[in-house]
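This report concerns only the one structure given below.
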Amino acid sequence: MTAIVSIKNATKDYRLGKVVVPALRGVTLEVSQGEFLSIAGPSGSGKTTLLNLIGCVDTPTTGTVEVAGRSTAKLSERELTRLRLDTIGFIFQSFNLVGVLDVYRNVELPLLLQHTLSAAERSKRVLALLERVGLGDHARHRPNELSGGQRQRVAIARALVTRPVLVLADEPTANLDSVTGQNILDLMKELNRTEKTTFIFSTHDARVMAHASSLIRLADGKLAESGTSGPSSHEAAESGLGAMP
Amino acid sequence: MTALVDTLTVVIQIAFRNLFANRWKTLIVGGIIGFGAFLVVIGTSLLDSVDHAMSRSIIGSIAGNIQVYSSESKDDLDVMGGFSFDANAIEPLSDFARVKSVLMSVPNVAQVVPMGLNGSLTLSGNTVDQALAKLRTSVTAKTQGDSSAVLAQTYADQKDHVRQIISVLQGDTENVKKLHDEKALANDDLASVTRAASAEFWATFDQDPLDHLEFLENRIAPLATDADMLFLRYVGTDPSVFAKSFDRMTIVEGQAIPEGKRGFLFSKYVYEEQVKLKTARNLDKVHEAITIRGKKIAKDEELTRLVREASTQVKELLLELDAPKTKLFRSKLQGVLHSSESDVGKLLGQFLSTNDENFESRYAFFYKELAPSLELYRVRIGDTLTIKAFTRSGYVQSANLKVYGTFAFKGLEKSPQAGTMNMMDLVSFRELYGFMTDDRAKEIAAIRATSGAKEVSRENAESELFGAAEGAPSAAPGAAPSADLGTELSGLAGTHRRDGEQPYDPMQLEQGVILNAAVLVKDERKTEETIASIEAAGKKAGLPLKAVSWQKAAGLIGQFTTLMRVVLYTAVLIIFVVALVIINNALVMATLQRVREIGTLRAVGAQRRFILAMLVLESVAVGLVFGAIGTVLGAGLIALLGRVGIAAGNDVLMFFFSGPRLYPALASYNLLLALFIVLFVSVISSVYPAWIAMRISPREAMQSED
Chain A
1 MTAIVSIKNA TKDYRLGKVV VPALRGVTLE VSQGEFLSIA GPSGSGKTTL
51 LNLIGCVDTP TTGTVEVAGR STAKLSEREL TRLRLDTIGF IFQSFNLVGV
101 LDVYRNVELP LLLQHTLSAA ERSKRVLALL ERVGLGDHAR HRPNELSGGQ
151 RQRVAIARAL VTRPVLVLAD EPTANLDSVT GQNILDLMKE LNRTEKTTFI
201 FSTHDARVMA HASSLIRLAD GKLAESGTSG PSSHEAAESG LGAMP
Chain B
1001 MTALVDTLTV VIQIAFRNLF ANRWKTLIVG GIIGFGAFLV VIGTSLLDSV
1051 DHAMSRSIIG SIAGNIQVYS SESKDDLDVM GGFSFDANAI EPLSDFARVK
1101 SVLMSVPNVA QVVPMGLNGS LTLSGNTVDQ ALAKLRTSVT AKTQGDSSAV
1151 LAQTYADQKD HVRQIISVLQ GDTENVKKLH DEKALANDDL ASVTRAASAE
1201 FWATFDQDPL DHLEFLENRI APLATDADML FLRYVGTDPS VFAKSFDRMT
1251 IVEGQAIPEG KRGFLFSKYV YEEQVKLKTA RNLDKVHEAI TIRGKKIAKD
1301 EELTRLVREA STQVKELLLE LDAPKTKLFR SKLQGVLHSS ESDVGKLLGQ
1351 FLSTNDENFE SRYAFFYKEL APSLELYRVR IGDTLTIKAF TRSGYVQSAN
1401 LKVYGTFAFK GLEKSPQAGT MNMMDLVSFR ELYGFMTDDR AKEIAAIRAT
1451 SGAKEVSREN AESELFGAAE GAPSAAPGAA PSADLGTELS GLAGTHRRDG
1501 EQPYDPMQLE QGVILNAAVL VKDERKTEET IASIEAAGKK AGLPLKAVSW
1551 QKAAGLIGQF TTLMRVVLYT AVLIIFVVAL VIINNALVMA TLQRVREIGT
1601 LRAVGAQRRF ILAMLVLESV AVGLVFGAIG TVLGAGLIAL LGRVGIAAGN
1651 DVLMFFFSGP RLYPALASYN LLLALFIVLF VSVISSVYPA WIAMRISPRE
1701 AMQSED
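If you read the sequences in order, they're chains A and B.
My numbering applies: residue 1 is where the first sequence begins, and numbers increase by one.
My numbering applies: residue 1001 is where the second sequence begins, and numbers increase by one.
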């Protein structure tokens, strides 16, 4: 399997005034294509920082992060943006839809930024995706007319519309009730299976972790555990760290 | 390409929907911008209209497009007279014919009007003087043997009038004494007045009328305080060329100064303000304020003051009344006031203390019933006026000029600055200014021949006069005659009275000295080039010509609109700086509220310039839409005002509007300027917020954890 993400000894320090706060203290990780990887850990363990590094919205202080074969530290701001646009889809905890645009436009937005598809091609793809996430009838609705679950489905459609090799989800079910969260997770899982899209998501919900093909745990900015869990039988991440007892 | 259009579409969609989503912010920012645009359109349009109106009336009155004068002058030319009495710092140009030929050789020059500006203080005779002068004429006629009944009656009436005047003065002088208790001075005066008022004085009058007259002329006349200094500023010019060249000049009363004749024209403003009977003038002012401007006496301080002044200052009127007129006034006033009061002074005071109900009827009554018996103007059209002026070498020179009429410059009628320019022929001007004219030269030669005066150069004058005391050798009698001295001698000769209607050879106008000349051009757009050409032509011809635009030549008045423009632009600048700060703050706030949204856009893959375009577009959209609304409203208001006009509420506005109403016009550049400023402000005010927005990290889209 090709590694979509390859992280070597990555550290990330944040400055808080004069104090340097280490958020990641050296993480090495490889994620292969088609994985459904869960990053678990308590608040402050470095989950989001790790996701930021993988999502190319941040670069490591030391060490390297390679996404789709490109080392992010060497890329300019513009190149990083382009890399995000073409290879990564984002799903956020609070959905983060553009409130003033309707569902259709929200999903179409990354395609418009890409400048590659014609209007007809875009329309076909957007409508198909909306159908796929079960919102075929809601194309002209505004986000504030939708339920939380529906909004997250729109966000998933938006994340997938460019056919990225990697989808990052930051606590995708945290703002949803458990039934809706389950549905969302099922949808992601299904897309992972049928589209072969790699999913990496952070969570601290044990039920969500149960769905993951691989699981890594973060504590104090370090990998505490990695392994395979849940019913899927993917390989464990090839990490150089010792497995849990 | 279509993808770019689609991206733009989405940017526009986000931008516009955001504007609607934040309705209040949009309305506040838009309101400020709209108001600014409105103000720019209104302000610049009004100012342009005022500028246009003023420039037309100033160019068309006296300034012309360009003024030419000697470059050797110490001061700048100010054709509107500035505030100073002294116009001497302009060096004369000695030969107008040459100046004119040089000027006319410049292609764009259409007309050249010769000019000289000066001022004089002239003492206008008071009522006492006039009454005494009339009496003296009758006395002379009597002593020369005229014993007609008509003369006897006239003589009696005139004596009555003088007695009447003295009794008014007597009351007055006593009042002054009571008030001030200035014993020494007032006692002397009081004694004179008492003597003049005594029955004994008049009983002996006929025995020695000349002696009595002399006493009255020397001791009584100076006590009458109604004699006024007339400060007359005048332009000496070629009257017919002047009238042809300046379309704003109109004759109000009388006629223009005939060609080849000496003469004087009063400015209508001066004639009304300074020459007219004060009471009548006050009534005119009140009448004008009520009928034209709809003011009320009770509600307007100025009018209240004028009415009070008119009703308390009746002495001027009383002095004009001889016995029959006093009787006439008494009966008329008693009739109109339904009063049995017999004191005409009190009747007049009562009559003139008007209010809003009775003013118009009394005003009409005054002009219909009383005015025909009064001398409304101290100098009448057709009178001969003695103008005394200082020559440039400091001597007093005088000329008797017939007053042919009054004139006004349309649009500047009410201007205390521009409306005070009187006019005389250039030949008389040169004399008053101390330049040698042909007539003068002959006259001086005659005086010299009869008095045996020898010519003395200025350097040797002292030794000539005081030669012995100084012990210096006496100057050679044959020293070269000095032009300057000739001029000064002509000043000394000024006591010689001449006929006010004396004609002169029109050629004299062309050939003599001038101080300045107004140039009218064919094409006003080329005025700047013409100024340069004139100075070049002057240099080539060896004439020290300096040419200035009318704006410069009109002094303060010419600079006025420029000044107003600076004030307006400063105001606009301040408004827009304030607007900029407010808009900037509003946008920064709005941006900070949208951090999550912008972060998401960035995370999803929007480049920074996308964010920049979005924010600038929002600003520009608000600017354009509201700017256009403000501009359209402003344009609408100006169009409306252009139809109905803006009334000039007072004399100052009358001047700026160059008439009673201003009809502002809209120029397309006003609109473009407004839109341009609005756009500029919109873009500039969005720079900082957009910069902040561009710095928003895509991380902001993620949950903050660390």
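Using N, Cα and C, we set each Cβ at its ideal position, and we do this for glycine too.
Just so we're clear, the structure is a prediction, and the values are computed from it rather than from any experiment.
{"Query": "Look up ASP205 of chain A in the DSSP assignment and give the residues it is bridged to.", "Result": "DSSP output for ASP205 of chain A lists no bridge partner at all."}
{"Query": "Measuring only between beta-carbons, confirm whether THR1007 of chain B sits less than 7 angstroms from chain A.", "Result": "yes"}
{"Query": "Measuring only the C-alpha atoms, how far is ASP1523 of chain B from LEU1568 of chain B?", "Result": "29 angstroms"}
{"Query": "Taking only runs of the beta strand (DSSP E) that begin and end inside the stretch 68-105 of chain A, which ones reach a length of at least 3 residues, in chain order?", "Result": "88-91"}
{"Query": "Let's test the definition: count the other Cβ atoms within 10 Å of the Cβ of VAL20 of chain A and tell me whether it reaches 16, buried, or not, exposed.", "Result": "exposed"}
{"Query": "Using the DSSP secondary-structure output, state which residues sit across from GLY1254 of chain B in a beta bridge.", "Result": "B:GLY1405"}
{"Query": "Please list the partners that ALA1021 of chain B has in chain A, where partner means a Cβ-to-Cβ separation under 8 angstroms.", "Result": "GLY99 and VAL100"}
{"Query": "Can you tell me where the alpha helix (DSSP H) with ASN1670 of chain B in it begins and where it stops?", "Result": "1668-1695"}
{"Query": "I'd like to check one pair, ASP1238 of chain B with LEU1509 of chain B: are the Cβ atoms closer than 7 angstroms?", "Result": "yes"}
{"Query": "Pick out the complete beta strand (DSSP E) segments inside the stretch 144-195 of chain A, 3 residues or longer, and give them in chain order.", "Result": "166-170"}
{"Query": "Among A:LYS47, A:PHE90 and A:ASP186, which one has its Cα closest to the Cα of THR162 of chain A?", "Result": "A:PHE90"}
{"Query": "Kindly indicate if chain A contains any beta-carbon less than 7 angstroms away from that of ALA1690 of chain B.", "Result": "no"}
{"Query": "Using a C-beta to C-beta distance shorter than 7 angstroms, which residues of chain B count as neighbours of ARG78 of chain A?", "Result": "GLN1607"}
{"Query": "Have a look at B:THR1009, B:GLY1043, B:LEU1019 and B:ALA1015 and flag the residue whose alpha-carbon is nearest the alpha-carbon of ALA1667 of chain B.", "Result": "B:GLY1043"}
{"Query": "Tell me where the alpha helix (DSSP H) around SER1619 of chain B begins and ends.", "Result": "1608-1644"}
{"Query": "When the Cβ atoms of the stretch 68-77 of chain A are set against those of the stretch 92-112 of chain A, are three or more pairs found closer than 8 angstroms?", "Result": "no"}
{"Query": "If we count the other Cβ atoms within 10 Å of its Cβ and call it buried at 16 or more, is ARG1695 of chain B buried or exposed?", "Result": "exposed"}
{"Query": "How many Å lie between ALA212 of chain A and VAL1581 of chain B at the Cα?", "Result": "53 angstroms"}
{"Query": "Just to confirm the assignment: which complete alpha helix (DSSP H) runs, minimum length 4, are found wholly within the stretch 1345-1403 of chain B?", "Result": "1359-1365"}
{"Query": "Just to confirm the assignment: which complete beta strand (DSSP E) runs, minimum length 3, are found wholly within the stretch 1017-1100 of chain B?", "Result": "1066-1070"}
{"Query": "Evaluate contact between the stretch 1241-1255 of chain B and the stretch 1131-1143 of chain B, counting only Cβ atoms and requiring at least three cross-stretch pairs below 8 angstroms.", "Result": "no"}
{"Query": "Checking the sheet assignment: what are the DSSP bridge partners for LEU1520 of chain B?", "Result": "B:GLN1111"}
{"Query": "Specify, as a first and last residue, the run of the beta strand (DSSP E) that PRO1209 of chain B falls within.", "Result": "That residue, PRO1209 of chain B, is in no beta strand (DSSP E); its alpha helix (DSSP H) goes 1209-1215."}
{"Query": "Quick one: which residues of the stretch 48-75 of chain A get their C-beta closer than 9 angstroms to a C-beta of chain B? List them in chain order.", "Result": "THR48, THR49, LEU51, ASN52, GLY55, CYS56, VAL57 and ASP58"}
{"Query": "Between ILE1629 of chain B and chain A, is there a C-beta pair that is closer than 7 angstroms?", "Result": "no"}
{"Query": "Leaving out five residues on either side along the sequence, give the residues of the same chain with a beta carbon under 7 angstroms from the beta carbon of GLY1345 of chain B.", "Result": "VAL1314 and LEU1318"}
{"Query": "Check this for me: beta carbons of VAL1678 of chain B and ALA1037 of chain B, under 7 angstroms apart or not?", "Result": "yes"}
{"Query": "Give the residues of chain A in contact with ARG1565 of chain B, contact being defined as C-beta atoms less than 9 angstroms apart.", "Result": "Those do not exist, as ARG1565 of chain B stays about 44 angstroms from chain A at its closest Cβ, beyond 9 angstroms."}
{"Query": "Taking all protein chains shown into account, decide if ASN1355 of chain B is buried (16 or more other Cβ within 10 angstroms of its Cβ) or exposed.", "Result": "exposed"}
{"Query": "Considering MET1423 of chain B, what are the terminal residues of the beta strand (DSSP E) in which it resides?", "Result": "1421-1425"}
{"Query": "What does the Cβ neighbour count give for ARG78 of chain A, buried or exposed, with the cut at 16 atoms within 10 Å?", "Result": "exposed"}
{"Query": "Out of A:GLY148, A:GLN152 and A:ARG84, which one is the CA nearest neighbour of VAL107 of chain A?", "Result": "A:GLN152"}
{"Query": "Is it true that the CB of LEU1545 of chain B sits closer than 7 angstroms to the CB of VAL1068 of chain B?", "Result": "yes"}
{"Query": "Under 8 angstroms: do the stretch 1281-1294 of chain B and the stretch 1380-1389 of chain B share three or more Cβ pairs, one atom per stretch?", "Result": "no"}
{"Query": "I think THR180 of chain A touches ASP205 of chain A, with their Cβ atoms under 8 angstroms apart; what is that distance to the nearest whole Å?", "Result": "With a Cβ gap of about 13 angstroms, THR180 of chain A and ASP205 of chain A do not count as contacting."}
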